[in-house]
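Asks: Note that the numbering used here has the sequence shown beginning at 1498, numbered continuously upward.
Glycine included, every Cβ here is placed at the ideal spot set by N, Cα and C.
Got a structure for you, written out below as structure tokens; questions coming shortly.
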Amino acid sequence: TPAKKLTRQLPHLSALLLDVRGHGGSSGSQQHVQPHNFHSCVSDIFHTLTPLGLVGENSPTAICGHSLGGRIALQYTHTLQHQDHDIQTPQQTWILDSVPGTPDPSVHHVLKAISSIPLPIACKSTLTETLMSEHKMNKAIAMWIASNLKGKSGEHDWVFDLDIANELVDNFADQDFDTMIHEITSGSSDGALDSSIQLVMAGRNKEWKEDVVSSLRSIPTFGHSFHMHKLENAGHWVHVDAVNELTQLMVDGLSNTRR
């Protein structure tokens, strides 16, 4: 995984991998109180770091998130910079292929399709065929969705909580992505050092339209404490399609961090 590759090359750093609420080990609505939004996800991170003693000088030096996780990483850094907290603002925020604005309509199509599938699910191959034939999805997306099943044959369920996932996606439009980047990379009002943001774009993700990229490049801190990187041959799953290139980018960026 990228985390393993990264920490092998930078042995002075370690990585803590977290599941966003409603996903993986954090799945299940009963584990989390509403509202299910980015602020609540940030609180979840705080409640994880504090008992581990990752506060003050031991605070994480950087945070990294992919897609939805990238938006939560942005919210995390912005919250720390604008609130008093025992956890220090990270020196770097890595956002992996999180496109500003509302989610692509295909996201809602996928969630609607998943919600219509009766549980339990017999097997991954049956689910893949159903998604392709009844919901007109291409094979790659259908297979990715089928990879998100847990349980034994004939009794599969989702590894994520659909209710929480839907609520989090609804938060996309409420996040002022560009403004938050500007505020974070311009430094805090108390004169603290700037926190840098590294935004990694997938070259094969068609959602990176010219107006979106142009708007980001117009942020005053672009080229200084805000940087954009494009992995030309990667699709949305940059950490899979271009793991070596991504790792090298992060190694170059994190090599001088010490906290």
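1. Between residue 1625 and residue 1639, how many whole angstroms is the CB-CB distance? I'm expecting something under 8 Å.
2. Are the Cβ atoms of residue 1681 and residue 1529 separated by less than 8 Å?
3. Tell me the rounded alpha-carbon separation between residue 1675 and residue 1652.
4. When the distance is taken between beta carbons, is residue 1535 closer than 8 Å to residue 1572?
5. Reducing DSSP to helix, strand and coil, say where residue 1781 ends up.
6. Let's test the definition: count the other Cβ atoms within 10 Å of the Cβ of residue 1567 and tell me whether it reaches 16, buried, or not, exposed.
7. Taking the beta strand (DSSP E) that residue 1696 belongs to, which residues open and close that run?
8. Start and end of the beta strand (DSSP E) containing residue 1725?
9. For residue 1564, which residues in the same chain have their Cβ closer than 8 Å to its Cβ, ignoring the five residues on either side in sequence?
10. Assess contact between the stretch 1725–1732 and the stretch 1691–1698, defined as three or more Cβ pairs (one per stretch) separated by less than 8 Å. Is contact present?
11. Within this structure, are the beta carbons of residue 1669 and residue 1599 separated by less than 8 Å?
12. Let's see if you can read the secondary structure: which residues bound the alpha helix (DSSP H) around residue 1751?
13. For the stretch 1604–1616 against the stretch 1648–1663, are there 3 or more C-beta pairs whose distance is under 8 Å?
14. Where does residue 1498 fall in DSSP's three states?
15. Counting only the same chain and skipping the five closest in sequence on each side, list residues whose C-beta sits under 7 Å from that of residue 1687.
16. Answer yes if the stretch 1706–1720 comes into contact with the stretch 1730–1750, meaning at least three C-beta pairs across the two stretches below 8 Å, and no otherwise.
17. By the DSSP assignment, the alpha helix (DSSP H) with residue 1641 in it spans what residues?
18. Is residue 1498 buried or exposed, if buried means 16 or more other CB atoms sit within 10 Å of its CB?
19. Leaving aside the five residues before and after residue 1577 along the sequence, list all residues of the same chain whose C-beta is less than 8 Å from its C-beta, in chain order.
20. Tell me which residues share the same chain as residue 1507 and place their Cβ nearer than 7 Å to its Cβ, disregarding the 5 neighbours each side in the sequence.
21. Is the beta carbon of residue 1590 closer than 8 Å to that of residue 1754?
22. For the putative contact between residue 1522 and residue 1533, defined by C-beta atoms under 8 Å, what is the C-beta separation to the nearest angstrom?
23. What does the Cβ neighbour count give for residue 1597, buried or exposed, with the cut at 16 atoms within 10 Å?
24. Helix, strand or coil: how does DSSP classify residue 1627 here?
25. What separation, rounded to the nearest whole angstrom, lies between the Cα atoms of residue 1552 and residue 1683?
Replies: A quick look at the data gives this:
1. That belief holds up - the Cβ atoms of residue 1625 and residue 1639 are roughly 5 Å apart, short of 8 Å.
2. No, the pair does not count as a contact, with Cβ atoms beyond the cut-off.
3. Each residue's alpha carbon lies about 43 Å from the other.
4. Taking 8 Å as the cut-off, the beta carbon of residue 1572 is found closer than this to the beta carbon of residue 1535.
5. Look at the range of the chain in this structure, 1498 to 1756, and you will see that residue 1781 is not part of it.
6. Residue 1567 should be labelled buried.
7. Segment 1693–1699, the beta strand (DSSP E) holding residue 1696.
8. For residue 1725, the uninterrupted beta strand (DSSP E) segment begins and ends at 1723–1728.
9. So the list reads 1593, 1594, 1595 and 1733, once near-sequence residues are dropped.
10. The stretch 1725–1732 makes contact with the stretch 1691–1698, as at least three CB pairs between them are under 8 Å.
11. The beta carbons of residue 1669 and residue 1599 sit closer together than 8 Å.
12. Run containing residue 1751: 1740–1751, per the alpha helix (DSSP H) assignment.
13. Yes, they touch.
14. If DSSP states are grouped into helix, strand and coil, residue 1498 belongs with coil.
15. The pLDDT assigned to residue 1687 is 49, lower than 50, so where the model puts this residue is not dependable; a value taken from the coordinates is nonetheless given after this. By the criterion of a C-beta distance shorter than 7 Å, residue 1687 is surrounded by no residue of its chain, once the five residues flanking it on both sides are discounted.
16. No, the stretch 1730–1750 is not in contact with the stretch 1706–1720.
17. Unbroken alpha helix (DSSP H) run through residue 1641: 1636–1643.
18. With fewer than 16 Cβ atoms within 10 Å of its Cβ, residue 1498 is classed as exposed.
19. Only 1584, 1585, 1586 and 1587 meet the Cβ criterion.
20. Cβ neighbours of residue 1507 within its own chain (closer than 7 Å, five residues either side excluded): 1748, 1751 and 1752.
21. Using a Cβ distance threshold of 8 Å, residue 1754 and residue 1590 do not count as a contacting pair.
22. Wrong, their Cβ atoms sit about 16 Å apart, outside the cutoff.
23. Burial is judged here by how many other beta carbons sit within 10 angstroms of a residue's own beta carbon; residue 1597 has at least 16 and is buried.
24. Here residue 1627 sits in helix by DSSP.
25. Put simply, the backbone Cα of residue 1552 is about 23 Å away from that of residue 1683.
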